[in-house]
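Below is one structure, written out as C-alpha cells, with a few remarks after it.
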C-alpha cells in the first residue's frame, strides 16, 4: 500500500563532543504502509530512548532542521508532556502523530506538513508537527485542529504554535506562541 | 491530482495482518 509521500526517519543522539549536525542521522526511508510497520516494530519505542535523544519523521528531501529551505519560514504545533506522562501517553501520542503524517490526515493542507519530532528530555518531553509557512494561517489552524482532535486532547488543553525563528532566538525558556 | 489517504483504523489493521 503506497503512501502519498516518501518519509525519512531520523535519529538524534545528544553527544556534546560532536557538532550538533553530526549527531543527526538518517535511519531509513519508506513509502509503503507495510515498510512503515516493519520499521516501527523494529526500532525502540520513543519512551525507551535516553534523555537527549529525538526521533524525527520528515518528508524525503526536508531535513529536520530550522535552516532547511522548507522549514525556515515555518513553525511547529508543540505538545509538551510532563515527565510522569512519558510512560502513559508518549508512545501513543507519537504513534498517532506518525499515523497522521503517513495517512495524510490533513487533507488539502497536507503539503504544508514537513514532518514531526519527538524530543526525549529529562524535564519535559515534546512532540511537534512542523509546517512549512507559519504565515499560512488557514493551513496552520486546520492542521492544529485536526491534530489536537486526533491526539484526543481535551478541549481545555491549549496547544501552541511557535515559529522556528522564535524558537531559535528565544531568550527565555518558552518561545511565544503565535 | 488524487491524494492517497489512509484512515488510522486501516493503518492499525495493516499492522496486524501477516
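Protein chains in written order, with the numbering used here: chain A, 767 to 944; chain B, 649 to 666.
For glycine and all other residues, C-beta sits at the position ideal for the given N, C-alpha and C.
These numbers were taken from a predicted model, which means no experiment stands behind them.
Query raised in the report: Considering only C-alpha positions, which residue in the set A/884, A/816, A/776 is nearest to residue 846 of chain A?
Result: The residue given as residue 846 of chain A occupies position 80 in the first chain. The closest CA to that of residue 846 of chain A, considering only A/884, A/816, A/776, is found on A/884.
**Report entry** Nearest-angstrom Cβ-Cβ length linking residue 841 of chain A and residue 913 of chain A, presumed shorter than 8 Å
**Finding:** Here residue 841 of chain A refers to the residue found at position 75 of the first chain. Here residue 913 of chain A refers to the residue found at position 147 of the first chain. Actually they are not in contact, since the Cβ atoms of residue 841 of chain A and residue 913 of chain A sit about 13 Å apart, beyond 8 Å.
Report task. Starting from the C-beta of residue 805 of chain A, find all residues in its chain whose C-beta is less than 7 Å away, skip the five residues before and the five after it, and write them out in chain order. Result -> The residue you call residue 805 of chain A lines up with position 39 of the first chain. 775, 794, 796, listed in sequence order.
**Report entry** Continuous beta strand (DSSP E) stretch holding residue 872 of chain A: start and end
**Finding:** As a first step, residue 872 of chain A must be located in the first chain, where it is residue number 106. Counting along the chain, residue 872 of chain A falls outside any beta strand (DSSP E), and DSSP gives it neither H nor E.
Query - Sequence-distant residues of the same chain with beta carbon closer than 6 Å to residue 866 of chain A, five excluded per side - result: Along the first chain, read from residue 1 onward, the residue named residue 866 of chain A stands at position 100. Once the five neighbours on either side are set aside, the close Cβ partners of residue 866 of chain A are 916.
Requested in this report: Measuring alpha carbon to alpha carbon, tell me which of A/769, A/777, A/861, A/900 ends up nearest residue 791 of chain A.
Outcome: If you number the first chain from 1, residue 791 of chain A lands on position 25. Closest option to residue 791 of chain A, Cα to Cα, is A/777.
Requested in this report: Specify, as a first and last residue, the run of the beta strand (DSSP E) that residue 786 of chain A falls within.
Outcome: Here residue 786 of chain A refers to the residue found at position 20 when the first chain is read from its first residue. For residue 786 of chain A, no beta strand (DSSP E) run applies, since DSSP gives it neither H nor E.
Query raised in the report: Going along the chain, which unbroken runs of the beta strand (DSSP E) with 3 or more residues stay wholly within the segment 863–922 of chain A?
Result: List check, beta strand (DSSP E) in window: 879–885, 890–897.
Query raised in the report: Is the shortest distance between the beta-carbon of residue 915 of chain A and the beta-carbons of chain B less than 8 Å?
Result: Working through the first chain from its first residue, we reach residue 915 of chain A at position 149. Interface flag for residue 915 of chain A against chain B is unset, since no Cβ pair is found closer than 8 Å.
Requested in this report: Taking residue 654 of chain B and residue 895 of chain A to be in contact with their CB atoms under 8 Å, please state how far apart those CB atoms are, rounded to whole angstroms.
Outcome: Within the second chain, numbered from 1, the residue matching residue 654 of chain B stands at position 6. Within the first chain, numbered from 1, the residue matching residue 895 of chain A stands at position 129. Contact doesn't hold; Cβ gap of about 17 Å is too wide.
Requested in this report: Check whether the Cβ atoms of residue 773 of chain A and residue 815 of chain A sit closer than 8 Å, and answer yes or no.
Outcome: Position 7 of the first chain, counted from the first residue, corresponds to residue 773 of chain A. Position 49 of the first chain, counted from the first residue, corresponds to residue 815 of chain A. The Cβ-Cβ distance between residue 773 of chain A and residue 815 of chain A does not fall below 8 Å.
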